[in-house]
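Read through the structure below, which is laid out as structure tokens, and then see the notes.
2 protein chains.
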Amino acid sequence: MAAEIQYVHGYSAREADRLADQANTLSGLLHHDTVYPPGSRVLECGCGTGAQTVILAARNPEARIVSVDISADSLAQARARVEAAGYRNVEFLRANLFDLPFGEASFDHVFLCFVLEHVERPAAALEALKRMVRRNGTVTVVEGDHGSWYCHPRTEEASRAVQCLVDVQARLGGDALVGRRLYPLLAEAGFRQARVSPRMVYVDSSRPELVEGFSKNTFIAMVEGVREQALSLGLIDPDTWEKGIADLYRATEPDGTFCYTFFKGVAAR
Amino acid sequence: MAAEIQYVHGYSAREADRLADQANTLSGLLHHDTVYPPGSRVLECGCGTGAQTVILAARNPEARIVSVDISADSLAQARARVEAAGYRNVEFLRANLFDLPFGEASFDHVFLCFVLEHVERPAAALEALKRMVRRNGTVTVVEGDHGSWYCHPRTEEASRAVQCLVDVQARLGGDALVGRRLYPLLAEAGFRQARVSPRMVYVDSSRPELVEGFSKNTFIAMVEGVREQALSLGLIDPDTWEKGIADLYRATEPDGTFCYTFFKGVAAR
Chain L
123 MAAEIQYVHG YSAREADRLA DQANTLSGLL HHDTVYPPGS RVLECGCGTG AQTVILAARN
183 PEARIVSVDI SADSLAQARA RVEAAGYRNV EFLRANLFDL PFGEASFDHV FLCFVLEHVE
243 RPAAALEALK RMVRRNGTVT VVEGDHGSWY CHPRTEEASR AVQCLVDVQA RLGGDALVGR
303 RLYPLLAEAG FRQARVSPRM VYVDSSRPEL VEGFSKNTFI AMVEGVREQA LSLGLIDPDT
363 WEKGIADLYR ATEPDGTFCY TFFKGVAAR
Chain P
123 MAAEIQYVHG YSAREADRLA DQANTLSGLL HHDTVYPPGS RVLECGCGTG AQTVILAARN
183 PEARIVSVDI SADSLAQARA RVEAAGYRNV EFLRANLFDL PFGEASFDHV FLCFVLEHVE
243 RPAAALEALK RMVRRNGTVT VVEGDHGSWY CHPRTEEASR AVQCLVDVQA RLGGDALVGR
303 RLYPLLAEAG FRQARVSPRM VYVDSSRPEL VEGFSKNTFI AMVEGVREQA LSLGLIDPDT
363 WEKGIADLYR ATEPDGTFCY TFFKGVAAR
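Written as structure tokens, this is what we have:
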């Protein structure tokens, strides 16, 4: 399917590792406050390979979770991951976000993480999901914002390499800067009482687990993942790219710093 | 004195109001955890018009605070502000950060807020301050980082207007992006156990007090303050400037968002 082929981060083994690193490193920061009452019916939309699904299942052992994704391969990985972790409260289903096989108000809560950034019409996606939620049920949306990234030392080439990721994602119809838009998107989709909170990751050498788990293995790995696309689209020349990536690693040295912000929005139907 | 004339934000009445708005809006975020034991001798370096001094005095009524600044006019305003607020635990003294009239280890703690951004050699400034602190005493540094700013909707002109503030400050020998450098600067100055934490301000229309107190009256007011300098230095043309400022205000409307991050570092001698 086109949507599979065009996923900006691809479907490689390294990417699967990156997603797992990202989920583990950021689990507390992003998900500590996603706790649903026992018995809740929760729809996870765009579960991918299940990196967030295991966290959701662990934090909500008495919720009944239905996780959908458009990619059969990803779903198979997600299912295996959740089974390996020993959770039995998740069902998996292949489905398109805009054509979900559920009736109106079938769920108490909807959860989506790193999904809207890849969707061409994020407000329409939220509207479609709103119909799945009962009155006073909630939607929880977690997204990054690559425009929130900066580092020290800073160089033009590092910024240009990161911009390639933003541009490649834009060419695929996505928006890598969607985090800052969560509040207006939730309002546009007709949700009420939206509350958005930033979740900033600040990294210096006093936090070595973040230097490895976030700066290198999550963020720089994600930028490196679009190398071929960026070069073949002519967004950057190879020398600038190599220098940009080297400069990103330079900012992970003992006198460097690295910043990035995720956004989490919760709103009611 | 040259240092007075060249203060990037100037010394106008509007600027004094802006500093007060900024201090009130951000007081909790930036200063809630600056609490010194009773009897502590605290040096506040670069107190300006006392916007932070009153907060420091209020939170530490039993500390003995000495606040210094290079500007006699600012000191007079600071003294009046602190007296009007009824605090009696602050002494004021005119002095240069690099030539302080105190002996080695005269203080238990040093505090500086929005000072390093204006200093040409911030690591040397921290080294000079380190000599004022006793062994195991602390330094607390609070700085902004204008490169951490972004908004929605975003436009090229808004970014260029903000960049003018960064560029004007750089021409005066300052660094408006110093926040991200606090950790390496503290290390370079020889402080130990540095711990830096970001203090992010996220603004959407569900937080009207921040729309007014931060986005408009602190940040946009600060950008607007360099209009004449930016135009006369040829950093931007008038049309682009006006559009940039209008776009910044656009991001304070109900469907806009606004982000900025301060950094706070605490380290021991």
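Each protein sequence line maps, in turn, to chains L and P.
Going by my numbering, the first sequence opens with residue 123, and the numbers climb by one from there.
Going by my numbering, the second sequence opens with residue 123, and the numbers climb by one from there.
Ideal Cβ placement from N, Cα and C applies to all residues, glycine included.
With the criterion set as a beta carbon lying under 8 Å from some beta carbon of chain P, the region 144-155 of chain L has no members that meet it. At least 8 Å separates the beta-carbon of L234/L from that of G132/L. Closest in C-alpha terms to V190/P, from the list D326/P, R276/P, F313/P, Q174/P, comes Q174/P. Distance from the CA of A311/L to the CA of L251/L, rounded to the nearest whole angstrom, comes to 9 Å. Note that the C-beta distance between A247/L and F220/L is below 8 Å. Scanning its chain for C-beta atoms nearer than 8 Å, with the 5 sequence neighbours on each side dropped, one finds around E346/P the residues I367, in chain order.
Out of D377/P, V318/P, Q351/P, V325/P, the CA that lies nearest to the CA of A389/P is found in V318/P. Non-local beta-carbon contacts of C381/L in its own chain, meaning distances under 8 Å to residues more than five positions away in sequence, involve S270, W271, Y272, C273, M322, V323, Y324, V325 in chain order. Contact between H231/L and G296/L does not hold, since the beta-carbon distance rounds to 25 Å and is not under 8 Å. The C-beta of V255/P has 16 or more other C-beta atoms within 10 Å across all chains shown, which makes the residue buried. Contact between the region 276-283 of chain P and the region 273-287 of chain L is absent: fewer than 3 CB-CB pairs across the two stretches fall below 8 Å. For I177/L, the CB contacts under 6 Å within the same chain, skipping 5 residues up- and downstream, are S149, H153 in chain order. Using a Cβ-Cβ cut-off of 8 Å, Y324/L counts as an interface residue toward chain P, since at least one Cβ of chain P sits closer than that to its own. Look at R391/P here: in three-state DSSP terms it is coil, with no helix or strand label.
T260/P sits in a strand when the DSSP states are folded into three classes. Listed as beta-bridge partners of T383/P by DSSP are M322/P.
With fewer than 16 neighbouring CB atoms inside 10 Å of its own CB, S354/L falls in the exposed class. The beta carbon of R253/L lies closer than 7 Å to those of E226 in the same chain, with the five residues before and after it left out.
The alpha-carbon of Y371/L is positioned some 13 Å away from that of L332/L. With the criterion set as a beta carbon lying under 8 Å from some beta carbon of chain P, the members of the region 316-349 of chain L are A316, R317, V318, S319, P320, M322, Y324, D326, S327, S328, in sequence order. Judged by DSSP secondary structure, Y272/L falls within the beta strand (DSSP E) whose first and last residues are 272-274. Judged by DSSP secondary structure, L234/P falls within the beta strand (DSSP E) whose first and last residues are 229-235. For P376/P, the CB contacts under 7 Å within the same chain, skipping 5 residues up- and downstream, are S327 in chain order. The C-beta of T260/L comes no closer than 8 Å to any C-beta of chain P. Distances from the CA of T277/L to each of R203/L, T379/L, A180/L were compared; the closest alpha carbon is that of T379/L.
At least one C-beta of chain L is nearer than 8 Å to the C-beta of D377/P. The C-alpha of V204/P is placed about 16 Å away from the C-alpha of R216/P. Distance from the Cα of G161/L is smallest, within the candidate group N182/L, L308/L, G170/L, P244/L, for N182/L. Interface criterion not met: the Cβ of G266/L is under 8 Å from no Cβ in chain P.
Inter-residue distance for Q199/P and A343/P is about 21 Å (C-alpha atoms, whole angstroms).
According to the DSSP secondary-structure assignment, L332/P is paired through a beta bridge with no residue. Using a CB distance below 7 Å, no part of the region 239-251 of chain P faces chain L. The DSSP-derived three-state label of C286/L is helix. Less than 8 Å divides the Cβ of E166/P from the Cβ of I187/P. Secondary structure of V164/P (DSSP, three-state): strand.
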